[in-house]
Structure formats: C-alpha cells, structure tokens
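Residue 0 is where the sequence shown starts when you use numbering that gives the first Met the number 0, and the numbers rise one by one after that.
Idealized CB from N, CA, C, for every residue including glycine.
Structure first, commentary second.
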Amino acid sequence: MRPGLVMAALAAVAGCQSVGTGRHTPRVNLDGRSILLDGRLDEWPADAAAMADPDFMYFRVSVGEPTNLQQSRETLHLMVDLDDDPSTGRVDPGDEATDGLGIDLEVQFSPASADGTRTEGGVRVFGYDAAGGSIPLSHADIDLLFLPTYTSEWFEVRFSRHLTHLAGLPGPSTSAAGVFVLSSPDGEVVGSSDPFEVQMPRLAQGRARRDATIPDKGDALRIVSFNVLKASPRDDPEPFGRILQVLDPDIVLFQEWDDATAQELATWFTLHVWHEVPWQAMVSQGRGVAIVSRHSIRPLLPESISAPGGDWPVREVGAVVDTPIGPVAATSVHLKCCGGSEQDARRLAETTAVNDALRSAMTFPSASAGQDGADVSPPSIVVIGGDMNLVGSPEPLARLGHALDLDASDLGVAKPIVRGDSAVYSWRDPASEFSIGRLDYLLYSDASARVVRSFVLDGSRLTDAALARLGLDRGDTATSDHLPIVIDIAPR
C-alpha cells in the first residue's frame, strides 16, 4: 500500500473543512434522523465511523488529503455487508481488506475506466445477490448522497435502507458491516479503513417521506434562488407557477432563464404567480440570470461584467430592491460549470469580478438613488444567490462574499435544509453519473440581517397528503434538475 495514506474513518474530526454558515446558525431539528447531511461532522459521536437510523445508513470518511470524491485520481469503494452474513453476497478470498465480509452493496466514487488507465467522474453502484452475482444499480436506486460536493478532507455519506424493491439484495437485518477501500485505476488496492459494524434499528415502514409544510414568511422578506433548466417555464409553466405560488417569494433570483427580457418575466409572473401589484424584473447581458420582485427594483451593477480571460460576460445581474425591510442589494449569479482546474480557475475569476463590482456599486451614488433620481436610503442588506457549481475548491464562494457586509466582514452563508429531510442539497438528476449534491447557495449580510428560516423544496421528500395541501404534484420539483432554495430574512 502507498506509504502515508490514511483511510481515517475513525480519526478525530475537529479540523474538518467546511463552508461557513454565518454567525448565528440555529440548532437543527433532525426529525428523528441520526445525522444532518451538510458536510459538517458536528453531531457525529467521536468514536463512530458508521451509523444507522430507521431510514438511512450513514458514514464519515477521509482519504487523508483534500479530494473530490466524484473527480478523484483514485477510486474510493464503500463495501457494505447489509445482513452481516459473510456467507452471502460477494466474497473475495485472499482480499485482506474485505476478509470476513459478504459484500451486498458497493459504491464506487470516481470509478475506474473500462481500460483501467484512469478514473471517471461520478459514482457507480453495484448490488450482489446471495451467490455473489453482480446487480448494476444507480445512485438514485439507493438514494445516495454525500457532502460536501466540493473538495474536502472529510465527507458524510448516506444511502437509503429501503432497498427491498431491488431484487437480489438481502432484506432488513439487525446489524451490518463494511469497509472503505481505495484503489488505483488499474485496480491495485492502495489503502483501506478498519472494518466497521453497525447496529440496525427497526426499518421504517415505506421510503422516507415527511408530512411537512411550507412555513409562512410572516413579516420576513422571502428570497428564492432557482435554476430553471434552460428556460423550462416557457414551455412548461404550470409546475413552476405552482411552486412559486406556494413559496410566495418577494424576490426571485433566476438562473438559466435564457434570453429572457424583463417584460417577458414580468408578464409570465402576472399570468402564473398571482400578486396584487405588478411584478418587476431585471436582466443583464449575463445569459440566463434575472431578478423578479414584488417591490420596486433599480439597477445596482453594470449590464455587463467581464472576468479576465473570459469570452463572454459573467452570468450575473444585480439590483437594489426597495422592500418593506429597507433597500436590499440582490444579485443572481451562475458560475462556470463542471470540474477541472481550468473551470475552477474560471469560477474564481468570475467571483472576483462580481465581488469587485459589488463593492464598487455599494459605495457609488446610484446605489442610493431612486427611480426619479432622488436620494433614498442606501442598501443595508446584501443577498447573493445562485448556481455556484462548487465541484472543485470552495474558494470561489468565499471570494464572492468577501468583505461585502456593512462592517466589512464576509457575508454569511445560509444553510437551507430540505423540507421533509435532514440534508442540505439542491441538485439531483437520476440519469446523471453524478449523485445528489449541493450546487446552489445563498449569501447574506449577517451583520445587518438575521435568517428567520431557510429551506429547500423537494417534492420527492413529502407525503402525498403534504403535497395535496400545498397544491403541488409530486413531479413539480423534478421539472428542473435544480431545486428552489429559500431564505427568509429580517433586520437584525
């Protein structure tokens, strides 16, 4: 094995990397779950590498160095003996790492290519029947989730225990066992963890769904960020109309509403999202980004912002929205997609350009000039939201919010938890090789504003009764690969 590699599933976690969540993070109700999947390890017992509750199995793991589990130069294998029976499943005689295990389920992070020369992006999942025969599965079949989605030293992983619909896998058991294994592209084992054992509580009846509702915003200002997948509301307006109607936003930050005009957006909202006064909208030369508001809206940033080396404007638009809690500087951002060092450098250049423009705009006279040119109060609250595509370094997010608060501190990062779940994610595509992840973020002025609540809406996590009360269809939030993320803020 490679000298110095540590599969530290049981090591101390005090120094784990994470994106900050602001100065005032409320305690989270786990709603009967063992772990909040958010990429932090705060609630993990010091001596636990694996846990289970009636719905999920959970794991924490480090490969000893910063990595991205779905874009790594080596493959991380999670091998689980679901029934703790070494006589069933895949048995590998002579394999020291899996000795004494009958592997029923295997998750490969950054799986090896077919020719064994490199690793590929995403994950692969395999089940094994009682005789060890392979059963190809998808990450959606087991409801796989790991966080953070960006490069980190530590990760939280979970998958569903509701697997009886998958033919060949064993039924519920009172205990399970497993191991993490690290291999090179050609299949050579270069590291492994200590084996782990998990006591399994009684399995919950039916796949995990909650009878949750959408909280009323009260006197708070509700801001929604929503990537709508290639302007899908144009051709399929009803699901998006139902979603936005039930969320009742004051400000919506859009991404991927490509080639929209302000008039198109205002008209669309008038037709599909009822409100007693006309909606207002703003777009820019940054393709697909837009801001729609119930309240009066005026420009904050230039129509076009460029980043060094970029061939097109950064996908951003900024506005001052005159809200009941005061003027809010709101910005919608869509950073460069996908993995790789070049794309990561591009995201960093884009966030630097947006940050520079916002800092300049917040001190420029136009930020405190009304539509008739009269001076009004300057913005005291800054909110930035959008699809950040953080699949490399987390640094672009830190750069974006740097020194933008009223006291020159960094903006806080909201932690919106999925309604009906104990997880923080915003993107999923069952057909993709990449599993569920967190790509969308909302930043806010935590020196001048407080988060009353924040959440993500995913209809797949709610019961039929909850959806019926909300007036939603189960497939509404699947119309885009991104989910709407919501933050309710009030002055501090």
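Check	Outcome
Euclidean distance between Cα positions of A464 and D210	7 angstroms
Alpha helix (DSSP H) segment containing P236, residue limits	P236 to L246
L270 burial status per 10 Å Cβ neighbour count (16 or more: buried)	exposed
For A280, the first and last residue of its enclosing beta strand (DSSP E)	Q279 to V282
DSSP state of T24 mapped onto helix, strand, coil	Per-residue confidence for T24 stands at a pLDDT of 36, beneath the threshold of 50, marking its modelled position as unreliable; the derived number appears in the next sentence. DSSP places T24 in coil when its eight states are reduced to three.
Alpha carbon of T351 to alpha carbon of R345, nearest angstrom	10 angstroms
Option in D406, E64 and V417 with minimal Cα separation from T212	V417
Spatial distance of R460 from L482 (CA atoms)	12 angstroms
Contact check, R157 vs M56, beta carbons under 9 angstroms	yes
Nearest-angstrom Cα separation, counted from S434 out to S340	21 angstroms
First through last residue of the beta strand (DSSP E) which encompasses F433	F433 -> no beta strand (DSSP E), and no H or E assigned at all.
Anticipated Cβ contact below 8 angstroms, Q69 with F125, distance rounded	With a Cβ gap of about 17 angstroms, Q69 and F125 do not count as contacting.
Range of the contiguous alpha helix (DSSP H) that encloses A397	E394 to L399
Reference P307, options P429, P298, D355 and Q279, closest by Cα	D355
Nearest candidate by alpha-carbon position, reference L471, set R241, I141 and C337	R241
Ranges of the beta strand (DSSP E) found wholly within the region 32-104, counting only runs of at least 3	49-51, 55-66 and 74-80
Integer-rounded CB distance, given that L246 should sit under 8 angstroms from L456	7 angstroms
Alpha carbon of M281 to alpha carbon of T462, nearest angstrom	36 angstroms
Cβ-based burial, L490 [other Cβ within 10 Å; buried from 16]	What sits at residue 490 in the sequence shown is Pro, not Leu. Its Cβ having fewer than 16 others within 10 Å, P490 is exposed.
Which listed residue (P236, P298 and E394) has its alpha carbon closest to that of L357	P298
Three-state class that DSSP yields for P2 in the structure shown	Note on P2: pLDDT 37, under 50, position unreliable in the model; the coordinate value appears next. It is coil, neither helix nor strand.
Anticipated Cβ contact below 8 angstroms, L252 with S224, distance rounded	4 angstroms
K335 classed as buried or exposed, judged by whether at least 16 other C-beta atoms fall within 10 angstroms	buried
Exposure of K229, with buried meaning 16 or more beta-carbon neighbours within 10 Å	exposed
Reduced DSSP secondary structure (H/G/I, E/B, other) of G458	helix
Sequence-distant residues of its chain with Cβ nearer than 7 angstroms to D91 (five each side left out)	T97
Neighbourhood of G131 by C-beta distance below 7 angstroms, restricted to the same chain and skipping five residues each side	G88, R89 and V90
Three-way DSSP call (helix, strand, coil) for A465 in this model	helix
Element boundaries [beta strand (DSSP E), containing T260]	Premise fails: T260 is in no beta strand (DSSP E) and is neither H nor E.
Residue from R117, D84, E95 and S182 with nearest C-alpha to G101	D84
Candidates G384, F154 and S33: closest to V62 by CA position	F154
Neighbour-count burial assignment, A45, 16 or more Cβ in a 10 Å radius	exposed
Rounded straight-line distance, which links the Cα of S71 to that of L165	29 angstroms
Integer Cβ distance of G177 from L75, believed to fall under 8 angstroms	At roughly 13 angstroms, the Cβ-Cβ gap does not stay under 8 angstroms, so G177 and L75 are not in contact.
Meets three-Cβ-pair contact criterion under 8 angstroms: the region 252-267 and the region 417-430	no
Proximal residues to L442 (C-beta, below 6 angstroms), its chain only, five neighbours per side dropped	I383, G400, L410 and V412
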